[in-house]
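In the numbering used here, the protein residues as written are 149 to 523. Cβ atoms here follow ideal geometry from the backbone N, Cα and C, with glycine treated the same way.
Structure representation (structure tokens):
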């Protein structure tokens with residue numbers, strides 16, 4: 149409980165801005181006209197940018213980005229405004245630090261919006277002044293083809309809502325796997341039936357489910373992360389996922405002879421799934437072989453359910469496919485565990501039978517020897 153909940157508190161606070169804000173920006177304005185100053189005022193007034201310094205050369209812009217003092221560079225060439233007036237279509241160069249992808253995603257979109265606003269304002273002045281077109285009709289000439297973009301479910305492009313649920317649940321699944329391995333190792337030599345093992349797995353899964361809810365409750369209650377889908381469906385999927393990971397750890401603990409090795413192997417088995425499951429990089433963009441692997445991982449189905457339940461108004465029937473896979477995966481694990489336990493029990497019984505026969509043989513030999521001495 150402690151590590152996942154603390155992770156949720158700390159990371160949630162760290163990412164509460166949703167998107168990158170006040171991106172450090174460096175500017176080279178070689179034109180220094182009233183038009184470019186107006187444009188740069190728009191940039192600096194935006195919540196997404198913070199102009200840190202004005203420099204005189206392209207090399208200085210690159211150097212500031214290289215040193216991490218800025219993530220965005222704006223380069224305006226000489227005679228920019230005069231070229232605009234003469235219809236030469238001058239270019240404003242924007243340079244992004246490609247090592248900070250979330251910054252690019254937010255700042256590039258915002259910069260494009262600012263440039264379109266400035267461009268539209270300039271064209272409106274041209275059409276109103278030189279062409280004598282009525283102001284009510286100007287926009288039809290400035291933007292003869294309009295484009296309306298609608299981003300569903302995450303209109304603010306929040307990276308926190310996109311990434312954080314799966315990131316936190318990947319931490320929880322490691323804890324669940326370790327707990328399952330600990331239970332499995334503790335019970336590996338106990339003579340209990342499959343129902344007894346099932347109770348231990350269910351207990352571990354119950355604790356894991358509670359950990360998931362405690363972790364997500366921090367986001368829902370403290371940081372205002374939405375929960376738009378079915379809560380009951382989310383609960384069922386969480387329980388099934390916790391059963392899958394608990395049973396996986398339990399199987400590892402039942403096979404390996406060392407407690408530390410059990411926990412390490414269980415971590416190794418579940419740790420890469422947060423990447424292989426396609427939570428950040430989509431499964432459809434993976435090679436075919438990796439798509440096949442991703443579709444066999446419980447985290448693929450659980451992580452999608454977590455994010456989609458937060459963002460989309462899902463109903464119960466939307467989650468049936470995920471539930472079916474997670475349940476089928478658990479049944480397969482139970483069968484594997486039953487085979488392992490039967491093999492271990494059979495081997496132990498055979499060994500005990502051999503030991504008993506050996507002990508009986510020694511005892512009979514001793515009796516025969518004693519009878520010979522007495523005779």
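Which term fits residue i, buried or exposed, when burial requires 16 or more other beta carbons within 10 angstroms of its beta carbon?
i	result
residue 468	exposed
residue 308	buried
residue 202	exposed
residue 432	exposed
residue 502	Note that residue 502 scores 46 on pLDDT, short of 50, meaning its location in the model is unreliable; the coordinates nonetheless yield the value given after this. It counts as exposed.
residue 273	exposed
residue 167	buried
residue 239	exposed
residue 241	exposed
residue 476	exposed
residue 521	Because the pLDDT of residue 521 is 47, which lies under 50, any placement of that residue in the model is unreliable, and the number read from its coordinates should be weighed accordingly. Burial call: exposed.
residue 336	buried
residue 341	exposed
residue 186	exposed
residue 351	exposed
Whose C-beta lies closer than 7 Å to the C-beta of residue i among residues of the same chain, with five residues either side of it excluded?
i	result
residue 399	332, 481, 484, 485 and 488
residue 301	459 and 460
residue 471	384, 385 and 388
residue 256	244
residue 371	160 and 164
residue 155	316 and 319
residue 344	none
For my contact list, residue i and residue j are in at a C-beta cut-off of 8 Å; report their separation, rounded to the angstrom.
i	j	result
residue 416	residue 312	In fact, because the Cβ distance is near 24 Å, the residues do not count as touching under 8 Å.
residue 219	residue 213	7 Å
residue 532	residue 323	The requested residue 532 does not occur in the structure, where the chain is confined to residues 149 to 523.
residue 328	residue 397	2 Å
residue 393	residue 404	Actually they do not touch by this definition, with Cβ atoms about 17 Å apart.
residue 314	residue 455	6 Å
Mapping DSSP to helix, strand and coil, what is residue i?
i	result
residue 197	strand
residue 482	helix
residue 241	strand
residue 401	helix
residue 341	coil
residue 250	helix
residue 348	helix
residue 455	helix
Looking only at its own chain, which residues have a Cβ that is under 8 Å from the Cβ of residue i, when we skip the five neighbours before and after it?
i	result
residue 445	421, 424 and 425
residue 162	none
Within a Cβ cutoff of 6 Å, which residues of the same chain sit near residue i, ignoring the five residues on either side of it in sequence?
i	result
residue 506	Only weak support is given to the placement of residue 506: the predicted model assigns it a pLDDT of 46, under 50, and the question is left unresolved by the model.
residue 222	175 and 242
Original post:
Could you give the uninterrupted runs of the alpha helix (DSSP H) lying entirely in the segment 168-236, keeping only those of 4 residues or more?
Top reply: Counting only runs of 4 or more, we get 182-193, 206-214 and 228-233.
Original post:
What are the complete alpha helix (DSSP H) segments, minimum 4 residues, inside the segment 384-451?
Top reply: Listed in chain order, the complete alpha helix (DSSP H) runs (minimum 4 residues) inside the segment 384-451 are 407-418, 421-424 and 436-442.
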